[in-house]
Structure formats: structure tokens, C-alpha cells
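Numbering (full-length UniProt numbering), first residue to last: 1 to 423. Just so it is clear, CB atoms sit at the ideal spot from N, CA and C, and this is done for glycine as well. Before any comments, here is the structure.
Structure, rendered in C-alpha cells:
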């Protein structure tokens with residue numbers, strides 16, 4: 001009986017061990033399958049993660065606007081320019097005109113203002129009547145002229161008669177000489193009266209108390225210092241007339257920089273309150289004495305008449321005097337925007353690229369407003385001056401590429417907010 005029990009126990013123990021080995025083997029196999037499954041899932045996720053940034057990166061470098069959005073936002077495009085932003089001398093100054101192109105109009109005789117015919121900003125030609133004044137003394141001048149002219153006419157006849165008598169020895173020579181002297185005196189009086197009237201621009205014919213105030217040059221009327229009915233004094237400026245066609249700059253250059261300045265050097269300048277527009281000029285004159293106590297010397301630079309439109313004397317400017325001929329590619333500073341630790345500009349894609357962008361393979365065509373597409377292109381910025389920033393493209397870009405010069409920050413915000421707009 002004991003042997004039977006021992007055999008039964010051994011059999012059970014053997015079966016239990018066999019089952020235990022199978023269970024362990026099953027657990028190991030399951031664990032191994034689980035590991036392979038996790039690895040496969042992880043690999044799949046990694047592939048998706050690897051693919052997603054590429055799509056996201058592509059999506060976040062492009063942005064589109066409808067034509068109406070383009071106009072509403074005020075997007076402006078331009079081209080990369082070659083500018084001299086290095087090796088320059090900075091100088092401040094102001095716009096001005098030569099003395100012969102500016103006039104302070106006054107009157108040679110006092111009087112009451114009768115009429116004013118112009119407004120400030122009106123363009124006038126030389127000789128144009130700006131206003132009229134009244135003075136009764138003018139009538140006396142005209143009477144003096146008429147009286148002297150009549151005397152000249154009478155004495156001329158008497159002179160001719162006395163000359164004939166003198167030549168025939170009928171009258172004494174002395175009588176002829178007296179008439180001759182009187183004629184010369186009256187001629188001088190008549191000429192003096194005429195000169196006075198001419199200086200006042202008053203006609204020698206007729207009799208009038210009105211004196212015209214005329215412009216001595218072509219130009220624009222500046223300040224008007226009189227009013228109708230007021231008394232205009234002599235020697236006091238009544239009008240200012242300025243001819244802006246010969247506009248130039250007076251720049252203040254310090255003593256230490258004078259050695260680098262020479263005639264013919266090109267300058268780039270901006271108006272102090274309008275730094276978005278750069279204008280070119282060229283040095284044509286350098287003063288030979290210091291200006292007051294500032295220890296600066298005035299340097300004169302002419303401006304092309306086409307660029308001088310809209311400028312008026314007295315506008316303050318900031319200028320760069322280019323002392324070398326080397327230039328660098330540059331864009332207006334607002335064209336360059338920063339995203340994280342990189343800098344970008346937006347390039348407008350051409351029509352072919354836009355069509356490919358709009359009609360991708362497999363997409364259903366929809367009728368919608370025409371779009372303008374832009375792509376963010378990475379650049380390395382350099383020197384910034386006079387509203388322009390030196391740039392270097394990380395990847396090659398066409399020389400004729402249209403670059404957004406105004407509104408780049410808006411495009412960056414739109415790009416970061418999801419790229420294209422919704423229809």
C-alpha cells in the first residue's frame with residue numbers, strides 16, 4: 001500500500017513539474033510577443049513623428065492671402081537692393097535752397113493792403129502780382145513824371161529853335177546854353193520819376209494810387225505776413241517765395257571726419273521723421289570755416305530734382321556719407337522678421353508655383369478668390385542703418401524674387417497661427 005502511495009505521489013509530482021515548465025515557457029513566449037508588439041508600435045509612432053514634422057515644417061513656411069486680404073493688410077513687395085551700409089560717416093543736417101532761390105518779398109513804399117491774390121503753397125511765376133497796396137504818394141510821383149515829361153517836350157522844341165538861332169548868330173550863345181541846361185535837368189527829373197514808378201511796378205500812364213507787390217522769382221509762396229486792410233511797412237517781409245527746384249542739403253561734419261570727405265561722394269539720407277524712405281545725393285561743396293561754436297563744417301550735397309519732390313527747406317535729415325564704393329545686399333529693416341532664434345523674409349511665389357500650390361494631385365477643384373502665396377526664407381541679417389538691413393540668404397534665391405517689404409510681421413503671425421486662411 002505504501003509503495004502504491006509513493007508511486008502516485010511521484011506521478012503527480014512529475015506531472016506538476018511538466019505543467020510548470022509549460023506555463024513558464026508560455027509566459028516567456030507571451031512576454032517576448034509583448035516586447036515585439038511594443039517595439040513595433042514604438043517604431044510606428046516614431047515613423048509618424050518623423051513624418052509629421054516634415055509636413056508641419058513645410059506647412060509653416062508658407063502662407064497664403066486672398067487678393068482682398070493682400071490689399072487690406074497693405075502688403076508691399078520689392079527687390080533686394082545693393083546699398084552701402086559699411087564704411088560710412090554719419091552726419092545730421094537739414095534741407096535748404098541756395099540764396100538766389102529764396103526771396104523775402106517786401107514793399108519799397110508803405111501803404112494799406114488792398115487785395116491779396118495768393119495762398120500759402122501757391123506756385124507763382126516771376127512777376128506774378130501777389131497783392132496790392134494803396135498810397136497817395138504814388139499819384140504825386142506820377143504827376144511829377146507827367147510834369148517833367150511835358151517840360152522835356154517843350155524844352156526840346158525850344159532847344160531846337162535856340163540852336164538854329166545860335167547857329168545863325170541871331171541870338172546870343174548864352175540863351176542857347178540856358179535852354180540846353182534846363183532840358184537836361186527836366187530830362188533827369190522825368191527819368192528819376194520814371195525809375196521810381198518802375199521800381200514800384202507802377203505804370204507811367206494814367207494816375208493811380210495802387211502799388212502791386214510782385215514775386216521776384218518762380219517758386220511756391222511760403223509764409224504770408226499781411227492781412228487785407230493792414231498797413232504794410234517798408235523793409236518788412238510780406239511774403240516768402242521759395243524755388244525748391246535747386247534743393248540741397250547742408251550737413252554738419254565734425255573736424256575729425258573732414259579728411260575723409262571729398263567732392264563727388266555719394267550720400268544716402270532719410271528725413272528724421274520719415275525713416276522708411278532713403279534718398280540719394282552727391283557732395284558738391286565743402287565750407288572752409290567752422291560753423292559757430294559747434295566745431296563742425298557745413299558740407300553741401302545736391303539732390304536730384306525728381307527725388308526732391310515733396311521736400312521743403314528746413315527739414316531735418318540723417319545722412320550716411322559713403323566713403324567707399326563697396327555695397328551689400330539689403331532690404332528695408334521691416335522686411336526681416338524673427339521667429340525663435342532664426343530670421344526670415346517672405347518671398348512671393350511666382351504664378352506657376354501658386355498654381356501648383358492650388359491644384360495638388362487628387363484635390364477637388366473649387367471656385368474661390370485668387371490667392372497670393374508667400375514662402376518664409378531664412379536669412380542671416382547684418383548691419384542695419386538708415387532703415388535698411390544687410391541680408392544674406394541661407395539658401396540661394398532668385399535675383400528677381402519679390403520680397404515683402406511691408407507687412408512681413410503680419411505674414412509671420414498668420415504663418416504661426418496655422419498658415420493658410422480658411423475659405
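Got a sec? Which residues, its chain only, sit under 7 Å from residue 210 by beta carbon, not counting five neighbours each side? Stepping through the chain shown from its first residue, residue 210 is reached at position 210. Excluding five sequence positions before and after residue 210, the CB atoms of its chain that fall closer than 7 Å to its own CB belong to 114, 132 and 134, given in chain order.
Proximity of residue 85 and residue 371 at Cβ, strictly below 8 Å: As a first step, residue 85 is located in the chain shown; it is residue number 85 there, counting from the start. As a first step, residue 371 is located in the chain shown; it is residue number 371 there, counting from the start. No, these two residues do not count as a Cβ contact at 8 Å.
What did DSSP end up calling residue 160 once you bin it into helix, strand or coil? Taking the first residue of the chain shown as 1, we reach residue 160 at position 160. Residue 160 falls in the helix class under three-state DSSP.
Have a look at the DSSP bridge pairing and note the partners of residue 115. To locate residue 115, count along the chain shown from 1; it is residue 115. Beta-bridge partners of residue 115 (DSSP): 132.
Closer than 8 Å is the cut-off here; do at least three beta carbon pairs connect the segment 242–257 with the segment 317–324? Here the segment 242–257 makes contact with the segment 317–324; the two share three or more CB pairs at distances below 8 Å.
Could you name the residues of the same chain whose beta carbon sits closer than 8 Å to that of residue 385, not counting the 5 residues immediately before and after it, in chain order? On the chain shown, position 385 is the one that residue 385 refers to. Result list for residue 385: 85, 88 and 320, in chain order.
Top-ranked residue by Cα proximity to residue 284, from 394, 291, 277 and 267: The residue you call residue 284 lines up with position 284 of the chain shown. Minimum Cα distance to residue 284 is reached at 267.
For residue 120 and residue 224, which I take to be in contact (beta-carbon distance under 8 Å), what is that distance rounded to the nearest angstrom? Stepping through the chain shown from its first residue, residue 120 is reached at position 120. Stepping through the chain shown from its first residue, residue 224 is reached at position 224. 6 Å between Cβ atoms; contact.
The beta strand (DSSP E) that contains residue 348, what's its start and end? By one-based count along the chain shown, residue 348 stands at place 348. For residue 348, the enclosing beta strand (DSSP E) has its first and last residue at 342–348.
Taking the alpha carbon of residue 91 as the reference point, which residue from 185, 301 and 174 has its own alpha carbon closest? On the chain shown, residue 91 is found 91 positions in, with the first residue counted as 1. Of 185, 301 and 174, the residue nearest in Cα terms is 301.
Measure from the alpha carbon of residue 413 to the alpha carbon of each residue in 346, 397 and 383, then state which is nearest. Walking along the chain shown from the start, residue 413 turns up at place 413. Ranking the options by Cα distance to residue 413, first place goes to 346.
Considering only the beta carbon of each residue, do residue 317 and residue 271 sit closer than 8 Å? As a first step, residue 317 is located in the chain shown; it is residue number 317 there, counting from the start. As a first step, residue 271 is located in the chain shown; it is residue number 271 there, counting from the start. Yes.
Establish whether the CB of residue 187 and some CB of chain B are separated by less than 8 Å. This model lacks chain B altogether, as it is built from one protein chain only.
Where residue 173 falls, given that 16 or more other Cβ within 10 Å makes a residue buried: Position 173 of the chain shown, counted from the start, is the residue given in the question as residue 173. Residue 173 should be labelled exposed.
Closest Cα partner of residue 407 within the set 337, 400, 378 and 396: Within the chain shown, the letter at position 407 stands for residue 407. When each option's Cα is compared against that of residue 407, the closest is 337.
Proximity winner among 416, 397 and 335, relative to residue 75 (alpha-carbon distances): For the purposes of this step, residue 75 is identified with residue 75 of the chain shown, where counting begins at 1. Taking residue 75 as reference, the option from 416, 397 and 335 with the minimal CA-CA separation is 335.
Based on DSSP bridge pairs, tell me the residues matched to residue 123. Indexing the chain shown from 1 puts residue 123 at position 123. Residue pairing of residue 123 in beta bridges, as defined by DSSP: 220.
Suppose the cutoff is 6 Å on Cβ atoms and the five residues either side in sequence are ignored; what does the same chain contact list for residue 171 look like? Counting from 1 along the chain shown, the entry for residue 171 is found at position 171. Excluding sequence positions up to five before and after residue 171, its CB lies within less than 6 Å of the CB of 165, all in the same chain and listed in chain order.
So what's residue 393 in DSSP terms, helix, strand or just coil? Taking the first residue of the chain shown as 1, we reach residue 393 at position 393. Residue 393 falls in the strand class under three-state DSSP.
Cβ separation of residue 126 and residue 215, assumed to be a contact under 8 Å, to the nearest whole Å: Residue mapping note: residue 126 aligns to position 126 of the chain shown, counting from 1. Residue mapping note: residue 215 aligns to position 215 of the chain shown, counting from 1. The Cβ separation is near 6 Å, so the contact holds.
With DSSP run on the structure shown, which of helix, strand or coil describes residue 227? One-based indexing of the chain shown puts residue 227 at position 227. It is coil, neither helix nor strand.
Tell me the rounded alpha-carbon separation between residue 344 and residue 379. Indexing the chain shown from 1 puts residue 344 at position 344. Indexing the chain shown from 1 puts residue 379 at position 379. Approximately 5 Å between the Cα atoms of the pair.
Throw me the rounded Cβ distance for the residue 77 and residue 403 pair, which I believe falls under 8 Å. Numbered from its first residue, the chain shown carries residue 77 at position 77. Numbered from its first residue, the chain shown carries residue 403 at position 403. Sure, about 6 Å apart at Cβ, within 8 Å.
Coarse secondary structure for residue 248, derived from DSSP in three states: By one-based count along the chain shown, residue 248 stands at place 248. Residue 248 carries a strand assignment under DSSP once its states are collapsed to helix, strand and coil.
Taking the alpha carbon of residue 149 as the point to measure from, which residue in 203, 193 and 240 has its own alpha carbon closest? Working through the chain shown from its first residue, we reach residue 149 at position 149. Nearest C-alpha to residue 149: 193.
Identify whether residue 96 lies in helix, strand or coil by the three-state DSSP scheme. To locate residue 96, count along the chain shown from 1; it is residue 96. If DSSP states are grouped into helix, strand and coil, residue 96 belongs with the strands.
Distance between residue 117 and residue 399 (C-alpha atoms, nearest Å): As a first step, residue 399 must be located in the chain shown, where it is residue number 399. As a first step, residue 117 must be located in the chain shown, where it is residue number 117. Using only the alpha carbons, I get a separation of about 54 Å.
Rounded to whole angstroms, what's the CA-CA distance from residue 151 to residue 186? Just pull it up for me. Taking the first residue of the chain shown as 1, we reach residue 151 at position 151. Taking the first residue of the chain shown as 1, we reach residue 186 at position 186. Between the C-alpha atoms of residue 151 and residue 186 there is a straight-line separation of about 6 Å.
Residues of its chain near residue 104, where Cβ-Cβ distance is below 7 Å and the 5 sequence neighbours each way are ignored: Looking up residue 104 in the chain shown gives position 104. Non-local C-beta neighbours of residue 104 in its own chain, meaning closer than 7 Å and more than five positions away in sequence, comprise 237 and 240, ordered along the chain.
Residue 203 beta carbon less than 8 Å from that of residue 139: Position 139 of the chain shown, counted from the start, is the residue given in the question as residue 139. Position 203 of the chain shown, counted from the start, is the residue given in the question as residue 203. The Cβ atoms of residue 139 and residue 203 do not sit closer than 8 Å to each other.
Tell me the DSSP bridge mates of residue 267? As a position in the chain shown, residue 267 is number 267, starting the count at 1. The secondary-structure analysis by DSSP pairs residue 267 across a beta bridge with 281 and 321.
Where does residue 146 sit, in a helix, a strand or coil, going by DSSP? The residue labelled residue 146 in the question sits at position 146 within the chain shown. In the structure shown, the three-state DSSP call for residue 146 is helix.
My output table needs one value for residue 204: the three-state DSSP class, helix, strand or coil. Counting from one through the chain shown, the residue named residue 204 turns up at place 204. Note: residue 204 maps to coil in three-state DSSP.
Where does residue 79 sit, in a helix, a strand or coil, going by DSSP? For the purposes of this step, residue 79 is identified with residue 79 of the chain shown, where counting begins at 1. Note: residue 79 maps to coil in three-state DSSP.
Environment of residue 265 [buried if 16+ CB atoms lie within 10 Å]: As a first step, residue 265 must be located in the chain shown, where it is residue number 265. Classification of residue 265: buried, given that the 10 Å Cβ count is 16 or more.
With DSSP collapsed to three states, give me the class of residue 137. In the chain shown, residue 137 corresponds to position 137, counting from 1. Helix.
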